[in-house]
Amino acid sequence: MAPNSNLRSLHSVRMSENQGALYAVIPAGGSGTRLWPLSRAGHPKFLHPLTGTDASLLQATVDRLAPLAAPDKVLVVTGVAHAVEVSRQLAAVPVENIIVEPSPRDSCAAIALAAAVIARREPEALMGSFAADHLIADGPRFIAVIEQAMAGARQGLLMTLGITPTRPETGYGYVQCGGPVGEGSVLAVEEFKEKPSYDVAESYVKSGNYLWNAGMFVWRVDVFLAELARQQPQLYAGIARIAQAWDTPSREEVLGEVWQNLPRISVDYAVMEGAAAVGRVGTVPGDFGWNDVGDFHTLGEVLAADNAGNVVVGQDPSGKQSVLLRETENLVVVPNSGRLVAALGVRDLIIVDTPDAVLVCPRDRAQEVKSLVDDLRNKGDLHYI
Numbered sequence: 001m002a003p004n005s006n007l008r009s010l011h012s013v014r015m016s017e018n019q020g021a022l023y024a025v026i027p028a029g030g031s032g033t034r035l036w037p038l039s040r041a042g043h044p045k046f047l048h049p050l051t052g053t054d055a056s057l058l059q060a061t062v063d064r065l066a067p068l069a070a071p072d073k074v075l076v077v078t079g080v081a082h083a084v085e086v087s088r089q090l091a092a093v094p095v096e097n098i099i100v101e102p103s104p105r106d107s108c109a110a111i112a113l114a115a116a117v118i119a120r121r122e123p124e125a126l127m128g129s130f131a132a133d134h135l136i137a138d139g140p141r142f143i144a145v146i147e148q149a150m151a152g153a154r155q156g157l158l159m160t161l162g163i164t165p166t167r168p169e170t171g172y173g174y175v176q177c178g179g180p181v182g183e184g185s186v187l188a189v190e191e192f193k194e195k196p197s198y199d200v201a202e203s204y205v206k207s208g209n210y211l212w213n214a215g216m217f218v219w220r221v222d223v224f225l226a227e228l229a230r231q232q233p234q235l236y237a238g239i240a241r242i243a244q245a246w247d248t249p250s251r252e253e254v255l256g257e258v259w260q261n262l263p264r265i266s267v268d269y270a271v272m273e274g275a276a277a278v279g280r281v282g283t284v285p286g287d288f289g290w291n292d293v294g295d296f297h298t299l300g301e302v303l304a305a306d307n308a309g310n311v312v313v314g315q316d317p318s319g320k321q322s323v324l325l326r327e328t329e330n331l332v333v334v335p336n337s338g339r340l341v342a343a344l345g346v347r348d349l350i351i352v353d354t355p356d357a358v359l360v361c362p363r364d365r366a367q368e369v370k371s372l373v374d375d376l377r378n379k380g381d382l383h384y385i
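Written out as structure tokens, the structure is:
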């Protein structure tokens, strides 16, 4: 894949009237254990081309945000192990915009550090936080929803993008919506709800008052940092100290000293739930073909299939013909080893072939792949993880 190939098309992307108005922050961490053995700690799912094109999930994320955020306003927060590859894939993003966290501290610390760095450049800037590993089918609609969220953020609200539910999903969190706030499509968020049971999820969907929480946010950095200081004073103090040293020779020393002592907590728990309780969170319902690519079965549902329902994910690194299927149905095949993968007379399977590990499992047990990674970790076979 040519470095940053997707960003070469920026000139042809429809530019919004809000072009340049948003800083786009992309937390890029995690190891995607349900997509093992393709996704590993050293090369997680957001670096892989799982989009149906040659673009990685990370590149696709930056590309779809181009109408709002030019490359110099894109910041990626990632780990030490991924920084070089992130920079290679996003050649148009300035290297100083690749923020390297010394160790994972969950989403709040990563997002807060990016907000503090942006605030040093532009104290009242609008910032959006978008996961590096989601698929979005309708890019223009996605941009339109973000623009509506930006309007809410300008009013001083912490905005979350809510996904219109299509089914009673038990694997997602929900936001409970209240009435409209001001003009436009902004709704108040009354409460964040944890992953529910099926019956509860069904009642949420039928009520029409609940949206999926996709973990995408828009706010003014000063508003977010003030709310962080109110609810998480220890985390805020640490982030403020790091930000103060950010453009000085002592940055790495301060970062290394402070970061390890920051609370490990998600931004939902740390800020958004408490802010919603006091009426400071808004949402905009979105229906733009969102998918969090949680496992191979899901990936098989969103990518193009042949007439028998078989999906071949990505291209083998060798570039050779690498999959041979006969009398198969509903397979998800991931060739990633240079070997030929052949299947005959089987259906409803996941087959993932990598240089050092092969996975075969029924599609309806795709969520359980994570348990194999747990087994490997417990056995000490960390080189496979």
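Numbering follows UniProt numbering, in which position 261 of the sequence shown is assigned residue number 261; successive positions increment by one, without gaps.
Glycine residues also receive a C-beta, built at the ideal position from the N, C-alpha and C atoms.
Residue 376, DSSP secondary structure in three states
In the three-state scheme derived from DSSP, where H, G and I count as helix and E and B as strand, residue 376 is classed as helix.
Measure the CB-CB distance between residue 102 and residue 256 and report whether it falls below 7 Å.
yes
Between the segment 181-198 and the segment 112-132, are three or more C-beta pairs nearer than 8 Å?
no
Apply the 10 Å Cβ neighbour rule to residue 50 and answer buried if 16 or more other Cβ atoms are within range, or exposed otherwise.
buried
Can you list, in chain order, the stretches of the beta strand (DSSP E) that have 3 or more residues and sit fully within the segment 236-314?
281-286
Residue 63, DSSP secondary structure in three states:
helix
What three-state label does DSSP hand residue 78 in the structure shown?
The answer is strand: DSSP assigns residue 78 an E or B state.
Can you tell me which of the three DSSP states residue 101 falls into?
strand
Can you tell me whether residue 385 is helix, strand or coil according to DSSP?
coil
Which residues DSSP lists as bridging residue 350, in chain order:
Per DSSP, 332, 361.
Member of 328, 34, 364, 356 whose CA lies at the smallest distance from the CA of residue 345:
328
Cβ distance (whole Å) where residue 175 is taken to contact residue 164 below 8 Å:
About 12 Å; that fails the 8 Å criterion.
Please classify residue 354 as buried or exposed, where buried requires at least 16 neighbouring CB atoms within 10 angstroms.
With at least 16 other beta carbons inside 10 angstroms of its own, residue 354 counts as buried.
Rounded C-alpha distance that separates residue 264 from residue 363:
33 Å
Could you check what DSSP says for residue 201 in three-state terms: helix, strand or coil?
In this structure, residue 201 counts as helix in the three-state DSSP scheme.
Inspect the CB distances between the segment 193-206 and the segment 239-250 and report whether three or more fall short of 8 Å.
no
Specify the secondary structure class of residue 196 as computed by DSSP and reduced to three states.
DSSP places residue 196 outside both helix and strand once states are collapsed to three, so it counts as coil.
I need the DSSP call for residue 124, collapsed to helix, strand or coil.
Residue 124 falls in the coil class under three-state DSSP.
Please list the terminal residues of the continuous beta strand (DSSP E) segment that includes residue 217.
Start and end: 210-220.
State the CB to CB distance for the pair residue 283 and residue 179, rounded to an integer number of angstroms; the pair is presumed to be in contact (CB under 8 Å).
Rounded, the Cβ-Cβ distance is 12 Å, inconsistent with contact.
Could you pull the DSSP bridge partners for residue 162 from this structure?
For residue 162, which the question treats as bridged, DSSP gives the partners 213, 285.
Please tell me whether residue 369 and residue 34 are closer than 7 Å, where the distance is taken between their beta carbons.
yes
Beta-carbon within less than 6 Å of residue 360's beta-carbon, same chain only, minus the 5 sequence neighbours each way: which residues are those?
351
Would you identify the three-state DSSP class for residue 116, choosing helix, strand or coil?
If DSSP states are grouped into helix, strand and coil, residue 116 belongs with the helices.
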